[in-house]
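A.B. asks: Below are the structure tokens for one structure; questions will follow.
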Amino acid sequence: MRILIIEDDLEAAAAMSHGLTEAGYECVHAPDGEAGLTAAGKGGFDVMIVDRMMPKKNGVEVVETLRREGDQTPVLFLSALGEINDRVVGLRAGADDYLVKPYAFAELMARVDALSRRRETGAVATTLKVGELEMNLINRTVHRQGKEIDLQPREFQLLEFMMRHAGQSVTRTMLLEKVWEYHFDPQTNVIDVHISRLRSKIDKGFDRAMLQTVRGAGYRLDP
Amino acid sequence: MRLPRLIRSTPFRLTLLFLALFAAAASAFLGYIYIATAGEVNRRADADITREMESLEAAYRVGGVNALNQTIVERATGERPFLYLLLDKDGKRISGSIEESPIDDFTGPGPTWETFKLTETDIDGAEVKRAARGVQERLTGGEALFVGADVQESEGYVMKIVRALRGAGALVIILGLAGGVLISRNVSRSMQGLVDVVNAVRAGDLHARARVRGTRDEYDELAEGLNDMLDRIERLMGGLRHAGDAIAHDLRSPLTRLRARMEVALIDAENGKGDPMAALETALIDADGVLKTFNAVLAIARLQAAGEAPNQETFDASELASDMAELYEASCEDKGLDFKAEIVPALSIRGNREFIAQALANILDNAIKYTPEGGAVMLRARRTSSGELEFSVTDTGPGVPEADRARVVQRFVRLENSRSEPGAGLGLSLVQAVAASHGGRLELAEGPGEYGGFGPGLRVALLLPRVE
């Protein structure tokens, strides 16, 4: 997996690069927007991490140029601008996800992971299958080892998201954003409670727990 | 000296331009008056002279030069105001009231008109020149006849008119100029007030305001607009400064704590004591806490500074309340709290959906945090009788004493009995900021009273203005 990091803060880029390399990604760094476009032009990247404010060409311009040229590589925007309006501008420019600085590395990792794997499940599927777990997206049923699991609508959405990102860490913020579509920062453990309910439904009575808690990051659904 | 500055001013230049146009119009007007009055006087004198000439010519036709001579002698000594002169073929004077003709061209075909000066001797023996006008004609016998009139009086009349018109012209220019100076001074002074304010603000005095004279004219309008703009700028500046101060102040202590903890961990690690990994983990948690506080303070400060929440849209508040109910119901059940939601369907609201969601989440967070097991939390969304949208959360926790209710919405204020709970004391301040930035308000009241041995509980209501 190759990642292109377009970021003018060299130290931040080095730290990011280091962490992602440790996680098994191959990283290429471009120090400004123009260099980023040149590097992106060579192709072969699975994810691009683009800083919003950069010299020469800013992040929005870079992403717009890429999309205009038909480059569909998933883009994660990084920005110190965290207002909702900024997110909207970023996503409209063609970015796939948005992360506000300062961020936890686990959060970045989880989002990069989610973006890098998303492309593989591009085809429109009617069923999802993760290990013993099977989800029918048409009649909205879930089975584990052939046994039907009764889920509330939101629990279904939550599990669907986890299944689409099976094997990856998914953070609480990502769940609130993607499942509930809210972008605020809950003070208490609201998301944890929903996860634990879901866990009790899909794991209780089975010999093995599929829904794992990842310390310091969030959750992961293992096959 | 104010004059050069005045001359440079736009109103004064405009005044000059209008004055020039006005002067041109006045000249045309005065010219017409001149022609209509002075011209008329001359025409009348000419007509009189012509008539006299005709009557003399009639006498000549009837009785020849002798009769004419006779008539002239009679008339010259009479009361008639005319001047006569009859010359023979050779230009020699036959008779008349003047000695020689003012018209040199004796042989001219005539009639020849001439305006001339008549030299007379007045009672005191002094020579006086009087204006006169006359016409000379050749008679059929070759004689020349001159008939004139003393027009000194009517000329004087014309001169008076001319003088009056000249005076009027001068008056037009003087009055116009004076009026122009006055008007442009007035306008310049109004402008100067605004210019002074702009300069003062540019020099750093954000309190400077333009004077509104209450005349409801465009200057007042401009002054009011300028003042509104300055109010807003001042509020924004104040808000930003306040935010900066708050962030600096509020983050200093957690950062100091974080630093101290890392320092201790470092010393411990050097001495081979303690677990560096554990220390790092704690530091990470601390750093996350600082970031959370930072984000909350920043969000509050930005909302307060902006005055109005950004990105407002119309959306379904009932749906939002249901989402929040669904999100928090699980937490309630998890903690052993009875949760209920009463949400009136299809409540429309205009505002920033994310901020309002965050505010509701904060209120629910608080309710769940402070309500002991076995208690109840209730979320309601409805429209009040005055049309406001009300989100309310009632809990059966210990409540907030009336004396403290105003205080708990301030940043970082935490009541003594809540110190053991996690949090920074920013939740309600953010709700308050969200309410204010939507033109709404936050109300704290006593909850349902005693409930299962607990209480009296708290009722937190977020009221947002009706959608227009």
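Just so you know, the protein sequences line up as chains A and B, in that order. Every letter in the first sequence is one number past the one before it in our numbering, and letter 169, counting from 1, is 169. If you want our numbering, it's the position in the second sequence, counting the first as 1, plus 1000. Positions of the beta carbon are idealized from the N, C-alpha and C atoms, including for glycine.
State the DSSP-derived secondary structure class of residue 10/A, mapped to helix, strand or coil.
C.D. replies: Translated into the one-based positions of the first sequence, residue 10/A becomes position 10. It is helical.
A.B. asks: Can you tell which of 1262/B, 1355/B, 1195/B, 1024/B has the C-alpha that lies nearest to the C-alpha of residue 1317/B?
C.D. replies: By one-based count along the second sequence, residue 1317/B stands at place 317. Taking only the C-alpha atoms, the option nearest residue 1317/B is 1355/B.
A.B. asks: Using the Cα positions of residue 1459/B and residue 195/A, report the straight-line distance between them to the nearest angstrom.
C.D. replies: Sequence index remark: in the second sequence, residue 1459/B carries index 459 (1-based). Sequence index remark: in the first sequence, residue 195/A carries index 195 (1-based). Those two C-alpha atoms are separated by around 29 Å.
A.B. asks: Can you give the Cα-Cα distance for residue 1204/B and residue 1298/B, rounded to whole angstroms?
C.D. replies: Counting from 1 along the second sequence, the entry for residue 1204/B is found at position 204. Counting from 1 along the second sequence, the entry for residue 1298/B is found at position 298. Going from the Cα of residue 1204/B to the Cα of residue 1298/B covers about 26 Å.
A.B. asks: What does residue 1331/B reach in chain A if we use C-beta pairs closer than 8 Å?
C.D. replies: Position 331 of the second sequence holds residue 1331/B. Under the 8 Å cutoff, chain A gives 188, 189, 190, 193.
A.B. asks: CA-CA distance, residue 1001/B and residue 1009/B?
C.D. replies: The count along the second sequence starts at 1 and reaches residue 1001/B at position 1. The count along the second sequence starts at 1 and reaches residue 1009/B at position 9. Any reading at residue 1001/B must be qualified, since the residue scores a pLDDT of 47, below 50, and its modelled position is unreliable; no value is offered.
A.B. asks: Taking 8 Å as the threshold (C-beta atoms), are residue 1210/B and residue 1238/B in contact?
C.D. replies: Translated into positions along the second sequence, residue 1238/B becomes position 238. Translated into positions along the second sequence, residue 1210/B becomes position 210. Not a contact, by the Cβ cut-off of 8 Å.
A.B. asks: Would you mind telling me which residues of chain B sit closer than 7 Å to residue 113/A, beta carbon to beta carbon, in chain order?
C.D. replies: For the purposes of this step, residue 113/A is taken as the residue at position 113 of the first sequence. The premise fails here: residue 113/A is roughly 20 Å from chain B at the closest Cβ pair, so nothing lies under 7 Å.
A.B. asks: Going residue by residue through the segment 1066-1102 of chain B, where are the continuous beta strand (DSSP E) segments of at least 3 residues, counting only ones entirely within it?
C.D. replies: Whole beta strand (DSSP E) segments, 3+ residues: 1082-1087, 1093-1096.
A.B. asks: Could you check whether residue 1138/B and residue 1049/B sit closer than 8 Å to each other, using their CB atoms as the reference points?
C.D. replies: As a working note, residue 1049/B is residue 49 in the second sequence. As a working note, residue 1138/B is residue 138 in the second sequence. Taking 8 Å as the Cβ cut-off, residue 1049/B and residue 1138/B do not qualify as a contacting pair.
A.B. asks: Under 8 Å, Cβ to Cβ, is there at least one residue of chain A near residue 1361/B?
C.D. replies: Along the second sequence, read from residue 1 onward, the residue named residue 1361/B stands at position 361. Taking Cβ atoms only, chain A reaches closer than 8 Å to residue 1361/B, which makes this a yes.
A.B. asks: Distance, Cα to Cα, residue 1319/B vs residue 42/A?
C.D. replies: If you number the second sequence from 1, residue 1319/B lands on position 319. If you number the first sequence from 1, residue 42/A lands on position 42. Each residue's alpha carbon lies about 47 Å from the other.
A.B. asks: Assuming residue 1308/B is part of the alpha helix (DSSP H), what are its boundary residues?
C.D. replies: Walking along the second sequence from the start, residue 1308/B turns up at place 308. Segment: none, residue 1308/B is in no alpha helix (DSSP H) and carries neither H nor E.
A.B. asks: Which first and last residues belong to the beta strand (DSSP E) in which residue 1316/B is found?
C.D. replies: The sequence position of residue 1316/B within the second sequence is 316, counting from 1. Unbroken beta strand (DSSP E) run through residue 1316/B: 1313-1316.
A.B. asks: Determine the contact status of residue 1442/B and residue 1409/B, defining contact as a CB-CB distance below 8 Å.
C.D. replies: Here residue 1442/B corresponds to residue number 442 of the second sequence, with the count starting at 1. Here residue 1409/B corresponds to residue number 409 of the second sequence, with the count starting at 1. Closer than 8 Å, so yes.
A.B. asks: Given 8 Å as the limit, is there contact between the segment 65-72 of chain A and the segment 23-30 of chain A, that is, 3 or more CB pairs closer than that?
C.D. replies: No contact exists between the segment 65-72 of chain A and the segment 23-30 of chain A.
A.B. asks: Just how far apart, CA to CA, sit residue 1188/B and residue 1169/B?
C.D. replies: Counted from its first residue, the second sequence places residue 1188/B at position 188. Counted from its first residue, the second sequence places residue 1169/B at position 169. If I take the Cα positions, the gap works out to 28 Å.
A.B. asks: Taking Cβ positions only, does residue 102/A come closer than 8 Å to chain B?
C.D. replies: Numbered from its first residue, the first sequence carries residue 102/A at position 102. Yes - at least one Cβ of chain B is within 8 Å of the one on residue 102/A.
A.B. asks: What in chain A is Cβ-close to residue 999/B, meaning under 7 Å?
C.D. replies: Within the shown structure, residues of chain B are numbered from 1001 to 1468, placing residue 999/B beyond reach of any answer.
A.B. asks: Taking C-beta pairs closer than 8 Å, name the residues in chain B that residue 154/A reaches, listed in chain order.
C.D. replies: If you number the first sequence from 1, residue 154/A lands on position 154. Simply 1326.
A.B. asks: Just the C-alpha distance for residue 7/A and residue 55/A, rounded to the nearest angstrom, thanks.
C.D. replies: As a working note, residue 7/A is residue 7 in the first sequence. As a working note, residue 55/A is residue 55 in the first sequence. Computed Cα separation, rounded: 10 Å.
A.B. asks: So, do the segment 109-116 of chain A and the segment 1293-1308 of chain B have three or more beta carbon pairs nearer to each other than 8 Å?
C.D. replies: No: the two stretches stay apart, fewer than three of their Cβ pairs being nearer than 8 Å.
A.B. asks: If the cut is a Cβ gap below 8 Å, which residues of chain B does residue 199/A touch?
C.D. replies: Position 199 of the first sequence, counting from 1, holds the residue named residue 199/A. Within 8 Å Cβ-Cβ: nothing; residue 199/A doesn't reach chain B, min ~12 Å.
A.B. asks: Is the Cβ of residue 1369/B closer than 8 Å to any Cβ of chain A?
C.D. replies: Indexing the second sequence from 1 puts residue 1369/B at position 369. Yes, residue 1369/B lies at the interface with chain A (some Cβ there is under 8 Å from its Cβ).
A.B. asks: Would you say residue 220/A and residue 170/A are within 8 Å of each other, going by their C-beta atoms?
C.D. replies: Sequence index remark: in the first sequence, residue 220/A carries index 220 (1-based). Sequence index remark: in the first sequence, residue 170/A carries index 170 (1-based). Cβ distance < 8 Å, so residue 220/A and residue 170/A count as in contact.
A.B. asks: Taking 8 Å as the threshold, find out whether the segment 137-155 of chain A comes into contact with the segment 198-214 of chain A through three or more Cβ pairs.
C.D. replies: Touching, yes.
A.B. asks: Name the residues in the segment 1223-1242 of chain B whose C-beta lies less than 7 Å from a C-beta of chain A; which are they?
C.D. replies: Result list empty, no residue passes.
A.B. asks: Measuring CA to CA, which of 53/A, 1/A, 155/A is closest to residue 9/A?
C.D. replies: On the first sequence, residue 9/A is found 9 positions in, with the first residue counted as 1. Selected option, being the one with the closest Cα: 53/A.
A.B. asks: Could you confirm whether any beta carbon from chain A is found closer than 8 Å to the beta carbon of residue 1255/B?
C.D. replies: Against the second sequence, residue 1255/B aligns to sequence position 255. It does not; no Cβ of chain A falls within 8 Å.
A.B. asks: Less than 8 Å between the CB atoms is what I'm expecting for residue 76/A and residue 100/A, so what's the real figure, rounded?
C.D. replies: Position 76 of the first sequence, counted from the first residue, corresponds to residue 76/A. Position 100 of the first sequence, counted from the first residue, corresponds to residue 100/A. The pair is not a contact, with the Cβ atoms about 11 Å apart (cut-off 8 Å).
A.B. asks: Over the uninterrupted alpha helix (DSSP H) stretch that includes residue 1184/B, give me the two end residues.
C.D. replies: In the second sequence, residue 1184/B corresponds to position 184, counting from 1. From DSSP, the alpha helix (DSSP H) with residue 1184/B extends over 1152-1202.
A.B. asks: Quick one: using the 10 Å Cβ neighbour count with 16 as the cut-off for buried, is residue 1467/B buried or exposed?
C.D. replies: Within the second sequence, numbered from 1, the residue matching residue 1467/B stands at position 467. Per the 10 Å Cβ criterion, exposed.
A.B. asks: Does the ligand GTP have a heavy atom nearer than 7 Å to the CB of residue 138/A?
C.D. replies: The ligand GTP is not part of the structure shown, which contains no ligands of any sort.
A.B. asks: In the DSSP assignment, what are the bridge partners of residue 1138/B?
C.D. replies: Translated into positions along the second sequence, residue 1138/B becomes position 138. Residue 1138/B pairs with 1144/B.
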